[in-house]
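Quick look at the structure:
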(Lines of atoms letter the chains of each structure in order from A and count residues from 1; the text may use other names and numbers.)
(Lines give C-alpha, C1' and ligand atoms only; values in the text may rest on other atoms or scores of the structure.)
Protein backbone atom coordinates (compact mmCIF):
# COMPACT_ATOMS: atom_id res chain seq x y z
CA UNK A 1 0.00 0.00 0.00
CA UNK A 2 1.20 3.51 -0.79
CA UNK A 3 -0.07 4.93 2.48
CA UNK A 4 0.14 4.45 6.22
CA UNK A 5 -2.27 5.32 8.98
CA UNK A 6 -0.32 8.56 9.48
CA UNK A 7 -1.41 9.79 6.04
CA UNK A 8 -4.96 10.16 7.38
CA UNK A 9 -6.30 12.56 10.01
CA UNK A 10 -6.02 11.71 13.68
CA UNK A 11 -8.92 9.50 14.68
CA UNK A 12 -9.70 8.30 11.15
CA UNK A 13 -11.22 4.82 11.45
CA UNK A 14 -10.37 1.78 9.36
CA UNK A 15 -12.64 -1.22 9.32
CA UNK A 16 -13.92 -4.15 7.33
CA UNK A 17 -17.52 -5.02 6.58
CA UNK A 18 -19.67 -8.14 6.24
CA UNK A 19 -23.36 -9.01 6.27
CA UNK A 20 -25.28 -11.58 8.26
CA UNK A 21 -26.79 -13.87 5.61
CA UNK A 22 -23.57 -13.85 3.59
CA UNK A 23 -21.37 -15.24 6.38
CA UNK A 24 -23.23 -16.47 9.46
CA UNK A 25 -24.77 -19.77 8.39
CA UNK A 26 -28.52 -19.29 8.49
CA UNK A 27 -29.41 -22.88 9.37
CA UNK A 28 -28.04 -22.40 12.88
CA UNK A 29 -29.49 -20.96 16.06
CA UNK A 30 -33.21 -21.04 15.40
CA UNK A 31 -33.20 -18.51 12.56
CA UNK A 32 -36.37 -18.30 10.49
CA UNK A 33 -36.68 -18.68 6.75
CA UNK A 34 -35.85 -15.67 4.55
CA UNK A 35 -36.88 -14.69 1.06
CA UNK A 36 -33.30 -15.42 0.03
CA UNK A 37 -33.79 -19.06 1.02
CA UNK A 38 -36.91 -19.09 -1.18
CA UNK A 39 -35.23 -17.23 -4.05
CA UNK A 40 -32.26 -19.62 -4.04
CA UNK A 41 -34.57 -22.65 -3.99
CA UNK A 42 -36.16 -21.50 -7.25
CA UNK A 43 -34.31 -22.88 -10.31
CA UNK A 44 -32.35 -20.33 -12.30
CA UNK A 45 -32.10 -17.62 -9.66
CA UNK A 46 -28.76 -18.43 -8.02
CA UNK A 47 -25.62 -20.12 -9.33
CA UNK A 48 -25.93 -23.83 -8.50
CA UNK A 49 -28.94 -22.92 -6.30
CA UNK A 50 -26.48 -22.09 -3.51
CA UNK A 51 -27.82 -20.48 -0.34
CA UNK A 52 -26.68 -19.11 2.99
CA UNK A 53 -27.35 -22.22 5.09
CA UNK A 54 -23.69 -22.64 5.99
CA UNK A 55 -21.90 -19.70 4.34
CA UNK A 56 -18.69 -19.10 6.34
CA UNK A 57 -20.13 -20.53 9.59
CA UNK A 58 -19.40 -17.22 11.27
CA UNK A 59 -22.12 -18.18 13.75
CA UNK A 60 -19.68 -20.61 15.35
CA UNK A 61 -16.36 -19.11 14.21
CA UNK A 62 -16.94 -15.43 14.99
CA UNK A 63 -14.15 -15.33 17.58
CA UNK A 64 -11.63 -16.41 14.96
CA UNK A 65 -12.96 -13.82 12.52
CA UNK A 66 -12.83 -11.02 15.08
CA UNK A 67 -9.25 -12.01 15.88
CA UNK A 68 -8.46 -11.44 12.21
CA UNK A 69 -9.79 -7.90 12.53
CA UNK A 70 -7.85 -7.23 15.72
CA UNK A 71 -4.65 -8.76 14.37
CA UNK A 72 -5.08 -6.82 11.11
CA UNK A 73 -4.92 -3.52 13.03
CA UNK A 74 -8.50 -2.57 12.14
CA UNK A 75 -10.39 -0.18 14.40
CA UNK A 76 -13.96 -1.29 13.79
CA UNK A 77 -16.22 -3.96 12.36
CA UNK A 78 -19.30 -3.25 10.27
CA UNK A 79 -21.68 -6.19 10.64
CA UNK A 80 -25.40 -6.66 10.09
CA UNK A 81 -28.14 -8.30 12.10
CA UNK A 82 -30.56 -10.81 10.64
CA UNK A 83 -34.22 -9.95 11.11
CA UNK A 84 -35.21 -13.60 10.67
CA UNK A 85 -32.63 -14.77 13.20
CA UNK A 86 -34.04 -12.44 15.83
CA UNK A 87 -37.74 -12.73 14.90
CA UNK A 88 -38.28 -15.89 12.82
CA UNK A 89 -41.78 -14.83 11.74
CA UNK A 90 -40.72 -11.22 11.24
CA UNK A 91 -43.24 -10.18 13.88
CA UNK A 92 -44.22 -11.34 17.33
CA UNK A 93 -42.15 -14.08 18.92
CA UNK A 94 -38.47 -13.36 19.59
CA UNK A 95 -35.79 -16.02 19.18
CA UNK A 96 -33.61 -15.62 22.26
CA UNK A 97 -30.81 -17.62 20.63
CA UNK A 98 -30.61 -14.93 17.97
CA UNK A 99 -30.44 -12.10 20.49
CA UNK A 100 -27.86 -14.03 22.50
CA UNK A 101 -25.69 -14.46 19.40
CA UNK A 102 -25.57 -10.73 18.68
CA UNK A 103 -24.96 -10.09 22.37
CA UNK A 104 -21.91 -12.36 22.22
CA UNK A 105 -20.77 -10.84 18.94
CA UNK A 106 -20.84 -7.27 20.26
CA UNK A 107 -19.16 -8.18 23.54
CA UNK A 108 -16.45 -10.09 21.68
CA UNK A 109 -15.73 -7.02 19.55
CA UNK A 110 -15.43 -4.81 22.60
CA UNK A 111 -13.12 -7.33 24.29
CA UNK A 112 -10.78 -7.00 21.29
CA UNK A 113 -10.89 -3.20 21.28
CA UNK A 114 -13.03 -3.07 18.13
CA UNK A 115 -15.82 -0.53 17.62
CA UNK A 116 -19.09 -2.33 16.73
CA UNK A 117 -20.84 -0.72 13.75
CA UNK A 118 -24.21 -2.33 13.16
CA UNK A 119 -26.53 -2.37 10.15
CA UNK A 120 -29.99 -3.62 11.02
CA UNK A 121 -30.98 -4.96 7.59
CA UNK A 122 -28.85 -6.35 4.79
CA UNK A 123 -31.51 -7.91 2.55
CA UNK A 124 -32.62 -11.06 4.45
CA UNK A 125 -36.37 -10.40 4.79
CA UNK A 126 -38.27 -13.03 6.83
CA UNK A 127 -40.37 -15.15 4.45
CA UNK A 128 -43.63 -14.66 6.38
CA UNK A 129 -43.32 -10.91 5.76
CA UNK A 130 -42.56 -11.51 2.10
CA UNK A 131 -45.83 -13.47 2.00
CA UNK A 132 -47.59 -10.27 3.14
CA UNK A 133 -46.04 -8.23 0.33
CA UNK A 134 -42.70 -7.42 1.93
CA UNK A 135 -41.35 -4.05 0.85
CA UNK A 136 -44.47 -3.43 -1.26
CA UNK A 137 -46.57 -3.28 1.93
CA UNK A 138 -46.58 0.01 3.83
CA UNK A 139 -46.91 -1.91 7.09
CA UNK A 140 -43.29 -3.00 6.72
CA UNK A 141 -42.17 0.33 8.20
CA UNK A 142 -43.88 -0.55 11.48
CA UNK A 143 -42.70 -4.16 11.39
CA UNK A 144 -39.15 -2.97 10.85
CA UNK A 145 -39.49 -0.44 13.63
CA UNK A 146 -40.57 -3.19 16.00
CA UNK A 147 -37.59 -5.34 14.99
CA UNK A 148 -35.34 -2.32 15.53
CA UNK A 149 -36.58 -1.94 19.10
CA UNK A 150 -36.08 -5.64 19.84
CA UNK A 151 -32.52 -5.96 18.56
CA UNK A 152 -31.33 -2.53 19.66
CA UNK A 153 -32.99 -2.97 23.01
CA UNK A 154 -30.45 -5.73 23.51
CA UNK A 155 -27.25 -4.44 21.88
CA UNK A 156 -27.83 -0.74 21.20
CA UNK A 157 -26.17 0.41 24.39
CA UNK A 158 -22.75 -0.91 23.28
CA UNK A 159 -22.58 0.09 19.63
CA UNK A 160 -20.30 2.72 18.17
CA UNK A 161 -22.74 3.37 15.34
CA UNK A 162 -25.90 2.00 13.75
CA UNK A 163 -27.66 2.34 10.40
CA UNK A 164 -31.06 0.89 9.50
CA UNK A 165 -30.81 -0.44 5.93
CA UNK A 166 -27.93 -1.30 3.65
CA UNK A 167 -28.25 0.02 0.10
CA UNK A 168 -31.90 0.98 -0.42
CA UNK A 169 -31.41 0.87 -4.22
CA UNK A 170 -30.64 -2.84 -4.01
CA UNK A 171 -33.53 -3.54 -1.65
CA UNK A 172 -35.97 -1.77 -3.95
CA UNK A 173 -34.89 -1.31 -7.58
CA UNK A 174 -32.48 -4.21 -8.12
CA UNK A 175 -34.89 -6.62 -6.43
CA UNK A 176 -38.32 -5.36 -7.53
CA UNK A 177 -37.68 -3.80 -10.95
CA UNK A 178 -34.64 -5.61 -12.34
CA UNK A 179 -35.43 -8.89 -10.58
CA UNK A 180 -31.81 -9.83 -9.88
CA UNK A 181 -32.20 -10.22 -6.10
CA UNK A 182 -34.92 -11.61 -3.88
CA UNK A 183 -37.89 -11.37 -4.24
CA UNK A 184 -36.98 -11.37 -7.93
CA UNK A 185 -39.77 -9.14 -9.22
CA UNK A 186 -39.75 -7.15 -12.45
CA UNK A 187 -42.63 -4.81 -11.81
CA UNK A 188 -42.49 -1.01 -11.83
CA UNK A 189 -45.37 -0.64 -9.38
CA UNK A 190 -43.70 -3.01 -6.93
CA UNK A 191 -40.44 -1.09 -7.38
CA UNK A 192 -42.07 2.30 -6.78
CA UNK A 193 -43.72 1.05 -3.59
CA UNK A 194 -40.47 -0.52 -2.38
CA UNK A 195 -38.44 2.62 -3.18
CA UNK A 196 -40.71 4.65 -0.91
CA UNK A 197 -41.30 2.09 1.82
CA UNK A 198 -37.61 1.33 2.29
CA UNK A 199 -37.06 5.00 3.10
CA UNK A 200 -40.11 5.11 5.36
CA UNK A 201 -38.71 2.09 7.21
CA UNK A 202 -35.33 3.79 7.45
CA UNK A 203 -36.83 6.89 9.05
CA UNK A 204 -39.01 4.83 11.36
CA UNK A 205 -35.99 2.89 12.59
CA UNK A 206 -34.04 6.09 13.23
CA UNK A 207 -36.96 7.40 15.30
CA UNK A 208 -37.16 4.17 17.29
CA UNK A 209 -33.41 4.17 17.99
CA UNK A 210 -33.58 7.80 19.11
CA UNK A 211 -36.37 6.72 21.44
CA UNK A 212 -33.99 4.17 22.95
CA UNK A 213 -31.48 6.94 23.62
CA UNK A 214 -29.09 5.87 20.87
CA UNK A 215 -26.80 8.24 18.98
CA UNK A 216 -24.35 8.14 16.06
CA UNK A 217 -27.06 6.89 13.69
CA UNK A 218 -26.61 7.02 9.93
CA UNK A 219 -27.91 6.18 6.48
CA UNK A 220 -25.99 3.89 4.11
CA UNK A 221 -26.57 4.24 0.35
CA UNK A 222 -24.78 2.77 -2.63
CA UNK A 223 -23.61 4.84 -5.57
CA UNK A 224 -22.52 4.25 -9.14
CA UNK A 225 -20.83 6.90 -11.24
CA UNK A 226 -23.05 7.35 -14.29
CA UNK A 227 -21.58 8.65 -17.55
CA UNK A 228 -23.13 8.93 -21.04
CA UNK A 229 -22.09 6.16 -23.38
CA UNK A 230 -21.52 8.75 -26.14
CA UNK A 231 -21.91 12.48 -26.82
CA UNK A 232 -25.53 12.38 -27.98
CA UNK A 233 -28.22 14.28 -26.07
CA UNK A 234 -30.11 11.00 -25.69
CA UNK A 235 -27.18 9.33 -23.92
CA UNK A 236 -26.66 12.33 -21.66
CA UNK A 237 -30.33 12.32 -20.70
CA UNK A 238 -30.22 8.57 -20.03
CA UNK A 239 -27.13 8.87 -17.83
CA UNK A 240 -28.76 11.69 -15.86
CA UNK A 241 -31.88 9.61 -15.26
CA UNK A 242 -29.78 6.61 -14.20
CA UNK A 243 -28.04 8.91 -11.72
CA UNK A 244 -31.45 10.02 -10.48
CA UNK A 245 -32.75 6.52 -9.84
CA UNK A 246 -29.51 5.17 -8.41
CA UNK A 247 -27.87 8.10 -6.63
CA UNK A 248 -30.24 11.03 -6.12
CA UNK A 249 -33.57 9.43 -5.20
CA UNK A 250 -32.64 8.13 -1.75
CA UNK A 251 -30.39 11.04 -0.75
CA UNK A 252 -33.09 13.50 -1.82
CA UNK A 253 -35.67 11.73 0.28
CA UNK A 254 -33.52 11.63 3.42
CA UNK A 255 -31.84 15.03 3.20
CA UNK A 256 -34.20 17.19 1.11
CA UNK A 257 -37.57 15.58 1.94
CA UNK A 258 -38.41 15.31 -1.74
CA UNK A 259 -37.84 13.04 -4.74
CA UNK A 260 -36.12 14.10 -7.99
CA UNK A 261 -38.50 15.38 -10.66
CA UNK A 262 -36.94 13.35 -13.47
CA UNK A 263 -37.39 10.11 -11.51
CA UNK A 264 -40.93 10.96 -10.46
CA UNK A 265 -41.84 11.57 -14.10
CA UNK A 266 -41.78 7.79 -14.41
CA UNK A 267 -42.59 6.62 -10.89
CA UNK A 268 -45.39 8.98 -9.87
CA UNK A 269 -48.26 6.94 -11.40
CA UNK A 270 -47.07 3.88 -9.47
CA UNK A 271 -46.35 5.38 -6.04
CA UNK A 272 -48.26 4.25 -2.94
CA UNK A 273 -51.17 6.36 -1.80
CA UNK A 274 -50.21 9.26 0.45
CA UNK A 275 -46.48 9.02 -0.18
CA UNK A 276 -46.14 12.82 -0.11
CA UNK A 277 -47.05 12.85 3.60
CA UNK A 278 -44.19 10.65 4.79
CA UNK A 279 -41.19 12.93 4.36
CA UNK A 280 -41.04 14.11 7.96
CA UNK A 281 -40.38 10.50 8.97
CA UNK A 282 -38.10 9.75 6.01
CA UNK A 283 -36.11 12.90 6.73
CA UNK A 284 -35.60 12.20 10.43
CA UNK A 285 -32.14 13.69 11.07
CA UNK A 286 -29.15 11.36 10.96
CA UNK A 287 -25.66 11.89 12.37
CA UNK A 288 -23.63 10.64 9.41
CA UNK A 289 -23.94 9.12 5.97
CA UNK A 290 -22.28 6.00 4.60
CA UNK A 291 -21.16 5.71 0.98
CA UNK A 292 -20.87 2.29 -0.66
CA UNK A 293 -18.97 2.61 -3.93
CA UNK A 294 -17.58 0.10 -6.42
CA UNK A 295 -17.78 1.17 -10.06
CA UNK A 296 -18.99 3.44 -12.85
CA UNK A 297 -21.47 2.65 -15.61
CA UNK A 298 -21.72 3.95 -19.16
CA UNK A 299 -25.40 4.55 -19.93
CA UNK A 300 -27.25 5.03 -23.18
CA UNK A 301 -30.89 5.09 -24.28
CA UNK A 302 -32.91 1.93 -24.88
CA UNK A 303 -36.00 1.34 -26.99
CA UNK A 304 -38.10 0.21 -24.03
CA UNK A 305 -40.73 1.67 -21.71
CA UNK A 306 -39.51 4.12 -19.05
CA UNK A 307 -36.78 4.44 -17.85
CA UNK A 308 -35.46 3.31 -21.27
CA UNK A 309 -31.85 2.87 -20.12
CA UNK A 310 -29.11 0.56 -21.37
CA UNK A 311 -25.76 -0.22 -19.77
CA UNK A 312 -22.96 -0.14 -22.33
CA UNK A 313 -19.55 -1.85 -22.04
CA UNK A 314 -16.72 0.40 -20.94
CA UNK A 315 -12.99 0.38 -21.75
CA UNK A 316 -11.51 0.41 -18.23
CA UNK A 317 -9.98 -2.59 -16.41
CA UNK A 318 -12.66 -4.67 -14.72
CA UNK A 319 -13.09 -6.74 -11.58
CA UNK A 320 -14.27 -10.36 -11.44
CA UNK A 321 -17.82 -8.93 -11.42
CA UNK A 322 -17.21 -7.22 -14.75
CA UNK A 323 -17.31 -3.82 -13.02
CA UNK A 324 -15.02 -1.08 -14.26
CA UNK A 325 -12.37 0.15 -11.83
CA UNK A 326 -12.84 3.91 -11.51
CA UNK A 327 -11.47 5.44 -8.27
CA UNK A 328 -12.30 8.98 -9.41
CA UNK A 329 -15.96 8.03 -8.95
CA UNK A 330 -15.43 7.65 -5.22
CA UNK A 331 -13.84 11.09 -5.01
CA UNK A 332 -16.77 12.47 -7.01
CA UNK A 333 -19.36 11.10 -4.59
CA UNK A 334 -17.48 12.11 -1.45
CA UNK A 335 -17.34 15.71 -2.62
CA UNK A 336 -20.80 15.75 -4.21
CA UNK A 337 -22.66 14.20 -1.27
CA UNK A 338 -20.99 16.60 1.14
CA UNK A 339 -21.72 19.63 -1.05
CA UNK A 340 -25.26 18.86 -2.19
CA UNK A 341 -26.85 16.77 0.57
CA UNK A 342 -25.12 16.21 3.90
CA UNK A 343 -23.60 19.70 4.10
CA UNK A 344 -20.92 19.04 6.69
CA UNK A 345 -22.17 15.84 8.34
CA UNK A 346 -19.52 13.18 8.91
CA UNK A 347 -19.14 10.78 5.99
CA UNK A 348 -17.86 7.20 6.02
CA UNK A 349 -16.97 4.95 3.13
CA UNK A 350 -18.98 2.01 4.44
CA UNK A 351 -18.14 -0.37 1.57
CA UNK A 352 -15.44 -0.43 -1.08
CA UNK A 353 -13.64 -3.40 -2.55
CA UNK A 354 -13.37 -5.75 -5.50
CA UNK A 355 -14.16 -9.29 -6.50
CA UNK A 356 -11.05 -10.98 -7.86
CA UNK A 357 -10.30 -14.46 -9.14
CA UNK A 358 -8.13 -15.40 -6.17
CA UNK A 359 -6.32 -18.72 -6.66
CA UNK A 360 -4.70 -20.41 -3.69
CA UNK A 361 -1.09 -21.26 -4.64
CA UNK A 362 1.10 -23.12 -2.16
CA UNK A 363 -1.13 -22.01 0.70
CA UNK A 364 -1.04 -18.33 -0.25
CA UNK A 365 -3.30 -15.91 -2.12
CA UNK A 366 -1.35 -13.14 -3.82
CA UNK A 367 -4.20 -10.78 -4.76
CA UNK A 368 -2.17 -7.86 -6.12
CA UNK A 369 -5.12 -6.47 -8.14
CA UNK A 370 -7.08 -5.99 -4.90
CA UNK A 371 -4.13 -4.21 -3.26
CA UNK A 372 -3.99 -1.84 -6.24
CA UNK A 373 -7.77 -1.31 -6.11
CA UNK A 374 -7.84 -0.49 -2.40
CA UNK A 375 -4.76 1.71 -2.67
CA UNK A 376 -6.23 3.76 -5.52
CA UNK A 377 -9.56 4.25 -3.76
CA UNK A 378 -7.90 5.23 -0.49
CA UNK A 379 -5.90 7.78 -2.47
CA UNK A 380 -9.24 9.16 -3.71
CA UNK A 381 -10.32 9.39 -0.07
CA UNK A 382 -7.19 11.37 0.83
CA UNK A 383 -7.85 13.78 -2.05
CA UNK A 384 -11.38 14.40 -0.77
CA UNK A 385 -10.15 14.94 2.79
CA UNK A 386 -7.56 17.44 1.51
CA UNK A 387 -10.41 19.31 -0.19
CA UNK A 388 -12.33 19.60 3.07
CA UNK A 389 -14.69 16.62 2.97
CA UNK A 390 -15.39 15.46 6.57
CA UNK A 391 -14.55 11.83 5.81
CA UNK A 392 -14.14 9.99 9.11
CA UNK A 393 -13.58 6.35 8.17
CA UNK A 394 -13.22 3.65 5.53
CA UNK A 395 -14.50 0.05 5.55
CA UNK A 396 -13.17 -2.51 3.09
CA UNK A 397 -15.66 -4.94 1.60
CA UNK A 398 -15.31 -7.65 2.63
CA UNK A 399 -13.49 -9.22 5.52
CA UNK A 400 -14.25 -12.72 4.23
CA UNK A 401 -15.00 -14.39 0.93
CA UNK A 402 -18.70 -15.11 1.26
CA UNK A 403 -22.09 -15.82 -0.30
CA UNK A 404 -22.37 -13.32 -3.13
CA UNK A 405 -26.15 -13.51 -3.45
CA UNK A 406 -27.36 -14.62 -6.90
CA UNK A 407 -23.75 -15.38 -7.84
CA UNK A 408 -23.38 -17.98 -5.09
CA UNK A 409 -19.85 -18.60 -3.83
CA UNK A 410 -18.02 -17.88 -7.11
CA UNK A 411 -17.08 -14.22 -6.65
CA UNK A 412 -14.46 -13.53 -4.02
CA UNK A 413 -14.48 -10.08 -2.36
CA UNK A 414 -12.64 -11.03 0.83
CA UNK A 415 -9.41 -9.89 2.41
CA UNK A 416 -9.43 -13.40 3.85
CA UNK A 417 -9.73 -16.48 1.64
CA UNK A 418 -12.37 -19.03 2.61
CA UNK A 419 -12.06 -22.64 1.52
CA UNK A 420 -15.77 -23.41 1.26
CA UNK A 421 -15.12 -27.14 1.69
CA UNK A 422 -13.13 -26.92 4.93
CA UNK A 423 -14.04 -23.33 5.94
CA UNK A 424 -10.37 -22.68 6.66
CA UNK A 425 -9.48 -18.97 6.78
CA UNK A 426 -6.32 -17.81 4.97
CA UNK A 427 -5.42 -14.10 5.02
CA UNK A 428 -4.63 -12.85 1.52
CA UNK A 429 -1.80 -10.55 0.51
CA UNK A 430 -4.28 -7.64 0.65
CA UNK A 431 -4.99 -8.37 4.30
CA UNK A 432 -1.27 -8.42 5.08
CA UNK A 433 -0.72 -5.17 3.15
CA UNK A 434 -3.49 -3.42 5.08
CA UNK A 435 -2.21 -4.83 8.34
CA UNK A 436 1.19 -3.29 7.64
CA UNK A 437 -0.24 0.06 6.53
CA UNK A 438 -2.53 0.33 9.56
CA UNK A 439 -0.01 -0.50 12.27
CA UNK A 440 0.32 2.12 14.97
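Residue numbers (the numbering used here): 67 to 506. Cβ atoms here follow ideal geometry from the backbone N, Cα and C, with glycine treated the same way.
On the CB-based measure, 16 or more other CB atoms within 10 Å of its CB, does residue 141 come out buried or exposed?
It is buried - the Cβ of residue 141 has at least 16 other Cβ atoms within 10 Å.
DSSP state of residue 116, grouped into three classes?
Three-state result, residue 116: coil.
Exposure of residue 470, with buried meaning 16 or more beta-carbon neighbours within 10 Å
Classification for residue 470: buried.
Do you know offhand how far residue 162's Cα is from residue 443's?
41 Å
In the DSSP output, what is residue 367 paired with across the bridge?
As DSSP reads the structure, residue 367 sits in a beta bridge with 375.
Which of the three DSSP states, helix, strand or coil, is assigned to residue 357?
strand
Taking the C-alpha atoms as reference points, what is the distance between residue 369 and residue 377?
13 Å
Round the Cβ separation of residue 416 and residue 356 to the nearest angstrom and send it over; I've been treating them as touching at under 8 Å.
Beta-carbon to beta-carbon, residue 416 and residue 356 are separated by about 3 Å, close enough to satisfy the 8 Å threshold.
Give me whichever residues DSSP pairs with residue 395 in a beta bridge.
Per DSSP, none; premise fails for residue 395.
Quick check: residue 319 and residue 272, are their CB atoms within less than 8 Å of each other?
no
Would residue 131 be called buried (16 or more neighbouring beta carbons within 10 Å of its own) or exposed?
The residue in question, residue 131, is buried, as its Cβ has 16 or more Cβ neighbours within 10 Å.
When the Cα of residue 139 is compared with those of 169, 115 and 71, which residue comes out closest?
71
When the Cα atoms are used, what is the spatial distance from residue 275 to residue 74?
31 Å
Taking residue 218 as the reference, give the member of 379, 93, 101 and 280 with the closest Cα.
280
Cβ-based neighbour list, residue 226, same chain, cut-off 8 Å, excluding 5 preceding and 5 following
For residue 226, where only same-chain residues beyond five positions count, the Cβ hits under 8 Å are 142, 181, 182, 183 and 282.
Quick one: residues in its chain with C-beta nearer than 6 Å to the C-beta of residue 157, no 5 flanking neighbours on either side, listed in chain order?
Cβ neighbours of residue 157 beyond the five flanking positions: 209.
Helix, strand or coil: how does DSSP classify residue 83 here?
strand
Under a CB-based cut-off of 8 Å, is residue 272 close to chain B?
In summary, chain B is missing from the structure at hand, where a single protein chain is found.
Can you give me the Cβ contacts of residue 116 inside the same chain, cut-off strictly under 8 Å, excluding the 5 residues immediately before and after it?
The answer, listed in chain order, is 106, 469, 474 and 475.
In the DSSP assignment, find the unbroken alpha helix (DSSP H) run with residue 255 in it and report its ends.
In the DSSP assignment, residue 255 falls within the alpha helix (DSSP H) that extends over 254–277.
Please return the same chain residues whose Cβ sits closer than 6 Å to the Cβ of residue 307, not counting the five positions on each side in sequence.
328 and 373
Boundaries (first-last residue) of the alpha helix (DSSP H) holding residue 221:
206–221
Under DSSP, the beta strand (DSSP E) around residue 298 begins and ends at which residues?
Note, residue 298: premise wrong, no beta strand (DSSP E); not H, not E.
Mapping the DSSP letters down to three states, classify residue 416 as helix, strand or coil.
strand
Would you mind reading off the limits of the alpha helix (DSSP H) that contains residue 447?
434–452
Check whether the stretch 294–307 and the stretch 233–249 touch, using three or more Cβ-Cβ pairs below 8 Å as the test.
Counting Cβ pairs under 8 Å, fewer than three are found: no touch.
Where residue 202 falls: helix, strand or coil (DSSP):
Residue state, collapsed to three classes: helix.
Between residue 383 and the rest of its own chain, which residues show a CB-CB distance below 8 Å, the 5 nearest in sequence each way excluded?
390 and 391
Go to residue 145, then tell me how far its beta strand (DSSP E) extends in each direction, as first and last residue.
142–146
For residue 290, name the three-state secondary structure that DSSP assigns.
strand
Stretch-stretch touch, CB-based, cutoff 8 Å, three pairs: the stretch 90–108 with the stretch 185–199:
yes
In whole angstroms, give me the CA-to-CA distance for residue 375 and residue 395.
Residue 375 and residue 395 have their alpha carbons spaced roughly 20 Å apart.
Find out if the Cβ-Cβ distance for the pair residue 457, residue 446 is shorter than 8 Å.
no
Backbone secondary structure at residue 187 - three-state DSSP
strand
Compute the distance between the beta-carbons of residue 68 and residue 452, then report whether it is under 8 Å.
no
Going by beta carbon distance, what residues of the same chain come within less than 6 Å of residue 230, once the five residues before and after it are set aside?
Cβ contact annotation for residue 230 (same chain, cutoff 6 Å, sequence separation greater than five): 186, 268 and 271, in chain order.
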